[in-house]
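Student: Each residue of the sequence shown is one higher than the one before, counting from 121 in my numbering.
Below is the structure I would like to discuss, written out as structure tokens.
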Amino acid sequence: TPIWITFESFATLNRAEFYEALTHLLQRALAARQITLEHQITNQFQLLIFFEKVRELAPPIVLVIDEFEGLPQVVLSEVLHAFRQIYHQKQFYGLHSLILVGVSTVAEMIVSSASPFNVVDELRITYFTFAQVQALIGQYLDESGQPFAEEVIKAIYENTLGQPGLVNGLCQHLVSVIANDRSQPITMDDFYETLKYFLTQRFDKNIINIVSKARERREFMLRLLFTDEPIPFTVNDPDIAYLYANGVIDDRRGAVDIPVPLYSKCLIAAFRPLMNGEGKYYTLLQDQLQEFATKTGLNMGGILEKYRDYVRRRGFRAFDTEHLREGAWHYSLDGFINFFIERLGGQTLIEVPSGRGRTDILILYQSYKYLIETKIFTDAFYFEKGKYQLAEYLKSEGLAEGFYVVFSGSHGDTDTLHSDEMIEGKRIRTYIVRTNFARPTDISPPADHATN
């Protein structure tokens, strides 16, 4: 007899409230099968008694517990111990099988609770392939007559990698909210609007969970999002174990990775400061925004030179490394670019092409599209590699040129800080932004004020 219950919204319950709620859910589910059981569960022992009584009244049940990670920590160990006892003495209880469903790995919850419960089989839901996403959207086309542009289908897959909930969520919002005129095709403009909604407004349970768990390991996540160097994957590291258990990261060829690009974008958006207090320093009194907008699009080179001027004026104050760690450089440029583009009537979006430490700013202005890739300089190898990665990404996006902004604490004023070159048929315009500024605490006092 299959029985389904959920622990959604249970995490904040105290011990007594949990057992009262558990009793209610089990009794209600059994009643739907014409099985009446009045026994009240108040503790671990009474949970065992409950399933003894089930054996007397009905065939063995298959209990499915959804949202299992909602189980309150205060009862986690004792509940798992109870189920373990049932497993080892099946002949006394009316529970045939137990299926725990959740975004966390059950193994990590068990280890974290110091439980000896060691009978675990885990079933991971497979993602859609690109062909399956195409087929699903093809079914919608057959039923509605409304086509998706091929580049939209590609963008849906590239952002979700086929994660079923996200694929369905993006498509549902596209067709029911953004492009609900069935006589019109779904375009990339529609997709960008939907993507912005997911990054800033969407209450998606999976995304909320990912962001919530990532915030608990903020420093680790900022390093993962914004640095080149691979982080070896091992569940022996507590940060990695926790984030892996909660679906935030995965093992990709032995290194830590965020498995879904849309999750990376949501995390970058979530860690972005609402206000950085630097807006008043971005421009000078004599600046005219019109000099950065021409009849043929934006003067992106001029905007990036203006950013370097701002950094030279502000020094270390341009970067909130205290709170944003490795992300300080990206968020500094992101805030500056967004300031200008919004005032010029465009919009910015986050892009996360494959490759560690790669974070792009996609700029949409009228019919023009621009791509800025940001990186932290670690060594010459990763620096040069980034140019070729950008060239490949420009090919996939159908863009002729891209902007490569690299933050470096190693370059000096005499080094080459700007280059313009063709790489694999694409124009790569590189801007080195120096970050080796002295802080007030690093500056020695004048000799006549020095202490003896």
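Note that beta-carbon positions come from the ideal geometry of N, C-alpha and C, so glycine has one too.
Looking at the strands, I want to know which residues DSSP matches up with Leu-469.
Tutor: Translated into the one-based positions of the sequence shown, residue 469 becomes position 349. Leu-469 pairs with Leu-482.
Student: How would you label Val-553, buried or exposed, when you count the other beta carbons within 10 angstroms and need 16 or more for buried?
Tutor: To locate residue 553, count along the sequence shown from 1; it is residue 433. Flag for Val-553 reads buried.
Student: May I have the straight-line CA-CA distance separating Ala-361 from Tyr-277, to the nearest angstrom?
Tutor: Here the question's residue 361 lines up with position 241 in the sequence shown. Here the question's residue 277 lines up with position 157 in the sequence shown. Whole-angstrom Cα-Cα distance: 27 Å.
Student: Compare the C-alpha of Val-355 against each of Asp-440, Thr-143, Glu-187, Gly-374 and name the closest.
Tutor: What you label residue 355 is simply residue 235 of the sequence shown in a count that begins at 1. Comparing Cα-Cα distances from Val-355 to each of Asp-440, Thr-143, Glu-187, Gly-374, the minimum goes to Gly-374.
Student: Measure from the C-beta of Leu-319 to each C-beta in chain D and report whether the shortest distance is under 8 Å.
Tutor: This model lacks chain D altogether; it includes just one protein chain.
Student: Between which two residues does the beta strand (DSSP E) carrying Val-553 extend?
Tutor: Translated into the one-based positions of the sequence shown, residue 553 becomes position 433. Counting along the chain, the beta strand (DSSP E) containing Val-553 begins and ends at 546-554.
Student: Report back the beta-carbon spacing between Glu-521 and Gly-506 to the nearest angstrom; my notes put them in contact at under 8 Å.
Tutor: Residue numbering aside, residue 521 sits at position 401 when the sequence shown is read from its first letter. Residue numbering aside, residue 506 sits at position 386 when the sequence shown is read from its first letter. Going by Cβ atoms, the distance from Glu-521 to Gly-506 rounds to 15 Å, so no, they are not a contact pair.
Student: Hey, how far is the Cα of Glu-270 from the Cα of Gln-254?
Tutor: Taking the sequence shown and counting its residues from 1, the one referred to as residue 270 is at position 150. Taking the sequence shown and counting its residues from 1, the one referred to as residue 254 is at position 134. Distance between the alpha carbons of Glu-270 and Gln-254 is about 9 Å.
Student: Output yes or no for whether 8 Å exceeds the beta carbon distance between Ala-390 and Ile-470.
Tutor: Translated into positions along the sequence shown, residue 390 becomes position 270. Translated into positions along the sequence shown, residue 470 becomes position 350. Going by C-beta atoms, Ala-390 is not nearer than 8 Å to Ile-470.
Student: If we require 4 or more residues per run, which alpha helix (DSSP H) segments fall completely within the stretch 121-202?
Tutor: Listed in chain order, they are 135-151, 164-177.
Student: Can you tell me the Cα-Cα spacing of Val-297 and His-531, whole angstroms?
Tutor: Locating residue 297 in the sequence shown gives position 177, counting from the first residue. Locating residue 531 in the sequence shown gives position 411, counting from the first residue. The straight-line gap from Cα to Cα measures roughly 49 Å.
Student: Less than 7 Å between C-beta atoms, sequence neighbours within five positions excluded: which residues of the same chain meet that for Val-331?
Tutor: Along the sequence shown, one-based indexing puts residue 331 at 211. Within the same chain, Val-331 has close Cβ partners Cys-386, Leu-387, Ala-390.
Student: Taking Ile-496 as the reference, which of Ser-487, Tyr-451, Phe-456, Leu-482 has the closest Cα?
Tutor: The residue you call residue 496 lines up with position 376 of the sequence shown. Cα-wise, what sits closest to Ile-496 is Tyr-451.
Student: With distances taken from CA atoms, which of Ile-543, Gly-518, Thr-550, Glu-198 is nearest Val-526?
Tutor: What you label residue 526 is simply residue 406 of the sequence shown in a count that begins at 1. That would be Thr-550, whose Cα lies nearest to the Cα of Val-526.
Student: Could you please give the first and the last residue of the uninterrupted beta strand (DSSP E) stretch that includes Ala-375?
Tutor: For the purposes of this step, residue 375 is identified with residue 255 of the sequence shown, where counting begins at 1. That run of the beta strand (DSSP E) goes 375-377.
Student: Which partner residues does Asp-262 have in the DSSP bridge list?
Tutor: Stepping through the sequence shown from its first residue, residue 262 is reached at position 142. Answer by DSSP bridge pairing: none, since Asp-262 is not bridged.
Student: I'd like to know whether the C-beta atoms of Phe-248 and Val-221 end up nearer to each other than 8 Å.
Tutor: On the sequence shown, residue 248 is found 128 positions in, with the first residue counted as 1. On the sequence shown, residue 221 is found 101 positions in, with the first residue counted as 1. No, the pair does not count as a contact, with Cβ atoms beyond the cut-off.
Student: How big is the Cα-Cα spacing for Ala-365 and Leu-342?
Tutor: Indexing the sequence shown from 1 puts residue 365 at position 245. Indexing the sequence shown from 1 puts residue 342 at position 222. In a straight line, the C-alpha of Ala-365 is about 18 Å away from that of Leu-342.
Student: Could you tell me which of Thr-132, Met-420, Asn-419, Tyr-427 sits nearest to Glu-398, measuring between CA atoms?
Tutor: Along the sequence shown, read from residue 1 onward, the residue named residue 398 stands at position 278. The shortest C-alpha separation from Glu-398 is found at Tyr-427.
Student: Thinking C-beta only, is Leu-464 closer than 8 Å to Phe-501?
Tutor: Translated into positions along the sequence shown, residue 501 becomes position 381. Translated into positions along the sequence shown, residue 464 becomes position 344. Going by C-beta atoms, Phe-501 is not nearer than 8 Å to Leu-464.
Student: In whole angstroms, give me the CA-to-CA distance for Ile-273 and Val-195.
Tutor: Against the sequence shown, residue 273 aligns to sequence position 153. Against the sequence shown, residue 195 aligns to sequence position 75. The alpha-carbon atoms of Ile-273 and Val-195 are separated by roughly 45 Å.
Student: Using 8 Å for Cβ pairs, my map puts Trp-124 next to Ala-149. What's the rounded Cβ distance?
Tutor: In the sequence shown, counting from the first residue as 1, residue 124 sits at position 4. In the sequence shown, counting from the first residue as 1, residue 149 sits at position 29. Yes, Trp-124 and Ala-149 are in contact; Cβ-Cβ is about 7 Å, under 8 Å.
Student: Check whether the stretch 512-520 touches the stretch 481-491, counting contact only when three or more Cβ pairs, one atom from each stretch, lie closer than 8 Å.
Tutor: A contact exists between the stretch 512-520 and the stretch 481-491.
Student: Mind checking who Ser-217 pairs with in its DSSP beta bridge?
Tutor: Working through the sequence shown from its first residue, we reach residue 217 at position 97. Ser-217 is bridged to Val-182.
Student: Buried or exposed for Tyr-508, please, with buried defined as at least 16 other CB atoms from any protein chain shown within 10 angstroms of its CB.
Tutor: By 1-based counting over the sequence shown, the position of residue 508 is 388. Burial call: exposed.
Student: Hey, how far is the Cα of Leu-177 from the Cα of Leu-183?
Tutor: Reading the sequence shown from its first residue, position 57 is the one you call residue 177. Reading the sequence shown from its first residue, position 63 is the one you call residue 183. One C-alpha to the other measures close to 16 Å.
Student: Can you tell me the Cα-Cα spacing of Gly-503 and Glu-349, whole angstroms?
Tutor: Position 383 of the sequence shown holds residue 503. Position 229 of the sequence shown holds residue 349. According to the sequence displayed, residue 503 carries Phe and not Gly. Taking the straight line from one Cα to the other gives about 12 Å.
Student: Would you please state the rounded distance, in angstroms, between the beta carbons of Asp-440 and Ile-481? I believe it to be under 8 Å.
Tutor: Position 320 of the sequence shown, counting from 1, holds the residue named residue 440. Position 361 of the sequence shown, counting from 1, holds the residue named residue 481. Not really, about 18 Å apart at Cβ, beyond 8 Å.
Student: Taking only three categories from DSSP, how would you classify Ser-235?
Tutor: Residue mapping note: residue 235 aligns to position 115 of the sequence shown, counting from 1. With a pLDDT of only 46 at Ser-235, under the threshold of 50, the placement of this residue in the model should not be trusted, and no figure is reported.
Student: Locate the beta strand (DSSP E) running through Glu-493, then write down its first and last residues.
Tutor: Within the sequence shown, residue 493 is the residue found at index 373, counting from 1. Unbroken beta strand (DSSP E) run through Glu-493: 488-496.
Student: With a threshold of 6 Å on Cβ separation, who are the neighbours of Leu-142 within its own chain once the five nearest residues in sequence on each side are excluded?
Tutor: Position 22 of the sequence shown, counted from the first residue, corresponds to residue 142. So the list reads Ile-161, once near-sequence residues are dropped.
Student: CB Phe-171 to CB Gly-214, shorter than 8 Å?
Tutor: On the sequence shown, position 51 is the one that residue 171 refers to. On the sequence shown, position 94 is the one that residue 214 refers to. The answer is yes: Cβ separation under 8 Å.
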